[in-house]
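Following the numbering used here, the numbering of the sequence shown begins with 21 at its first residue and continues without gaps. Heads up, the thing below is written out as structure tokens.
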Amino acid sequence: MFRSILWRIATPYIILSLIIMLILGLIVSNIVRQDHIEHLEYSLQTQATLISDSIEYFIETDQLNEKNPDQLAKHWSELTGSRVTLIDKDGMVIGESDDDFTQMDNHINRPEIQEALNKGQGSRIRRSPTLGIDLMYVAVPIIINDEVQGFARVALPLDQINQNIATVRNAIIGISILAAILTAGLSFVIVRRTTRPLIQLTESALIMTDEDSPPPSAKTNYDEITQLNHAFHTLVNQLRNQINALETEQGKLSAVLEQMTDGVIIVDEQGLVELINPTAAELFETNIDDTVDHSLAEVVRQHQLIELWQQCKDTADEQATMMDLLHQHRYIQCVATPLGEALTDKYLLLFQDLTHMRRLETIRRDFITNISHELRTPLASIKAVTETLKNGALEDPSAANHFLERMETEVDALTQIVTELLELTRIESGQVPLKIKAANPCKLVNKSVKRLREQAERAKIDLETICPENLPEIYADTGRLGQALTNLIHNAIKFTPEGGKVIISAQLETDVVQFSVKDNGIGIPSDDLPRIFERFYKADQSRSESGTGLGLAIARHLVEAHGGRIWVESKLGFGSTFYFTIPIAI
């Protein structure tokens, strides 16, 4: 309602009249209040002067001793209707009309007394500490032989003045409301007569927005409004066709940009972002609504991309670069292309996320390196034993048996690597069916610990289990999940120094059971933590240890095959804790 032109014109007049009347009311009420106060002050000053003159007369005629100052104060109060206070030159109250003067404190520091002492008359409006109400005080000195002998003070409450002011203000408020009503009525009449043709034109324009609306019928009074209606109708049809075409193209473009896996940003010649798709917004951790009309530097916050766009702008040719987003651990390819005549002075920035490809390449390279490392040692050993046997060791039966045993050990190591690699490949490809059934977590922990306790005792490692008896059952293939837990315990024993401790625990966490294997061994460097579950990957500290480097990879795939999650927390030199979760049986 208040958005209509009627209200937009009428409302300021109403508000203006109210403001004027309110200002006028404040001014008038202040003038009335000031006039009343001045009149009251003059009246009180006259009364105080009369009382002071009377006391001076009593003193000069030696009659004051016959008079009681407190009785005089009460007598004068009855005559004037004011509060009368008589004060000696030291500030002690010697007479008071409205209170017990003996209980009143010294008044020499009262502002009206100080002003009377310095200027011959003092007045103040303040709250009485004795009576607890607002009063006007007027004090005059009592002077005998040019010396101040005391003070006569008269006071009246301001209640009547406040009541008079409230009456004036209420009258002004009533007049203001009446004026506002009259102003509103007059404004509505004037504005309605003025805006009626515009309202009719608006109604015609709204009707014409309907695609099936016919042109307005011819009227005998073919006035300016009717002509404008016809012009609007023609214009609406043309705009409607253009808008439909643009919406179709924009819909296609939006659909393509939203579904693209590559990031897209379009900037103008000044480097302001004009368009960004969701992929680019996610890549640079920003909100689409907060990027349009912002500079490219604010959006991407990468100096390499700013330089790439600047080179593209300077050369008017396509530019490309590769860069790392270190905080996101992403590797992207960036291409900047001028859009040419289609969009003059506009530049397209295309971002392709090659992180996955780079990671696969790194994993492939590391896999080849690691498996080569694992195979090279037993093969080199077999080669050395073979050459030793060929060079005459066969002639010595005891030496020949020793070398054959070494050869058998290395062949067993090769066989273990191949077996575990084939096992891991089968697990990854889903060729190992899991026999899922409800299982007791504590039995699973105890079985794995029992299997490795002898190994731990040989290494002088203390194994401790923590498993509440009331844990719910889990869905698991106990054989396969036990293999994963055994691998973790085996690693903890292997990398914990003599005299160390390994704690295997299970506890309920919401709808899963969380298993953990904690040791106080050598720990894992932080750089190795993200890749510790890759096949053949080993931390630098474990390169000299035995093992194939496939145990953690097998454990990860077995846990994930159970619908769980596995992770590790470790600090170099302070041990490691491996965790994995398995859903509970519902």
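The beta carbon of each residue, even a glycine, is placed where N, CA and C say it ideally should be.
Pick from R173, V168 and T530: whose alpha carbon is nearest that of A605?
Considering only alpha carbons, the answer is T530.
Give me the DSSP bridge partner(s) of L295.
Note: L295 sits in a beta bridge opposite I286.
State the Cα-Cα distance for the pair I602 and A575, rounded to the nearest angstrom.
C-alpha separation (whole angstroms): 13 Å.
Bridge partner(s) assigned by DSSP for P358
Beta-bridge pairing links P358 to Y367.
Does the Cβ-Cβ distance between I542 and I513 come in under 8 Å?
For the pair I542 and I513, the CB atoms are not nearer than the 8 Å cut-off.
Can you tell me which of the three DSSP states T268 falls into?
Looking at T268 - three-state DSSP - the assignment turns out to be helix.
How would you write the range of the beta strand (DSSP E) that R146 sits in, first residue to last?
Going by DSSP, R146 is part of the beta strand (DSSP E) stretching over G142 to R147.
Can L464 and L505 be called in contact, C-beta distance under 8 Å?
Yes; because the gap between Cβ atoms is below 8 Å, this pair is in contact.
Can you tell me whether T435 is buried or exposed, with buried defined as 16 or more other CB within 10 angstroms of its CB?
Taking a 10 Å sphere around the C-beta of T435, we find fewer than 16 other C-beta atoms and assign the residue as exposed.
Quick one: what does DSSP say A336 is sitting in, helix, strand or coil?
Of the three classes helix, strand and coil, the one that applies to A336 here is coil, per DSSP.
Quick check on DSSP: helix, strand or coil for S315?
Judged by DSSP in its simplified three-state form, S315 adopts strand.
So the candidates are F304, E289, I75 and S102; which of them puts its Cα closest to the Cα of I164?
Selected option, being the one with the closest Cα: I75.
Going by alpha carbons, who is nearest to L155 out of V104, S196 and D73?
Comparing Cα-Cα distances from L155 to each of V104, S196 and D73, the minimum goes to V104.
Looking only at C-alpha atoms, which of L176, N88 and R473 sits nearest to S63?
When each option's Cα is compared against that of S63, the closest is L176.
contact_flag[the region 415 to 431, the region 460 to 479] where n(CB pairs < 8 Å) is 3 or more
No, because fewer than three Cβ pairs between the region 415 to 431 and the region 460 to 479 fall closer than 8 Å, the two stretches do not touch.
Rounded C-beta distance between N511 and G595? I'm assuming under 8 Å.
Not confirmed; about 12 Å, so no contact.
Touch test, the region 286 to 296 against the region 312 to 319, Cβ-Cβ under 8 Å, three pairs minimum:
Contact between the region 286 to 296 and the region 312 to 319 is present: three or more C-beta pairs spanning the two stretches fall below 8 Å.
Closest to L368 by CA distance: which of L414, N297 and M377 is it?
Closest by alpha carbon: N297.
Tell me whether R130 sits in a helix, a strand or coil according to DSSP, three-state version.
Under the three-state reduction of DSSP output, R130 falls in the coil class, being neither helix nor strand.
Taking the CB atoms as reference points, tell me whether R173 and A159 lie closer together than 8 Å.
Contact check for R173 against A159 passes: the beta carbons are separated by less than 8 Å.
Is DSSP giving L592 helix, strand or coil here?
Per DSSP, reduced to three states, the secondary structure at L592 is coil, with no helix or strand assignment.
For A199 versus F171, is the C-beta distance shorter than 8 Å?
A199 places its beta carbon 8 Å or farther from that of F171.
Would you tell me roughly how many angstroms separate the C-alpha atoms of V405 and G571, rounded to the nearest one?
Roughly 29 Å between the two C-alpha positions.
With a cut-off of 8 Å on the beta carbons, I'd call I623 and V469 a contact; round off their distance for me.
Residue 623 is absent from the structure shown; the chain starts at 21 and stops at 606.
Beta-carbon spacing of Q353, L374 below 8 Å:
In this structure, Q353 places its C-beta atom within 8 Å of the C-beta atom of L374.
Three or more C-beta pairs below 8 Å linking the region 255 to 262 and the region 324 to 341
By the Cβ rule, the region 255 to 262 does not count as touching the region 324 to 341, because fewer than three pairs are nearer than 8 Å.
Count the other C-beta atoms from every protein chain shown that fall within 10 angstroms of the C-beta of I544, then say buried if there are 16 or more, exposed otherwise.
By the Cβ-count criterion, I544 is buried, with 16 or more other Cβ atoms from all chains shown falling within 10 Å of its own Cβ.
Please state if the CB of Q534 and the CB of P488 are separated by a distance shorter than 8 Å.
Result no, Cβ atoms of P488 and Q534 do not sit closer than 8 Å.
CA-CA distance, R350 and L578?
Straight across, the Cα-Cα distance linking R350 with L578 is about 28 Å.
So, helix, strand or coil for R473, using DSSP?
Three-state DSSP puts R473 in a helix.
Terminal residues of the beta strand (DSSP E) in which I163 lies
Its beta strand (DSSP E) spans residues D154 to I164.
Among all the DSSP beta bridges, which residues are the ones paired with A172?
DSSP, once it has assigned bridges, lists L106 and V160 as partnering A172.
Straight-line gap, D118 to K94 (C-alpha atoms, nearest Å)
Cα-Cα distance, rounded: 8 Å.
For A581 versus E554, is the C-beta spacing smaller than 8 Å?
Pairing A581 with E554 gives a Cβ-Cβ distance that is not under 8 Å.
Among Q65, F515 and E98, the one whose alpha carbon lies nearest that of R144:
Measuring from the Cα of R144, the nearest candidate turns out to be Q65.
Distance between V276 and Q324 (C-alpha atoms, nearest Å):
Cα to Cα, Q324 sits roughly 27 Å from V276.
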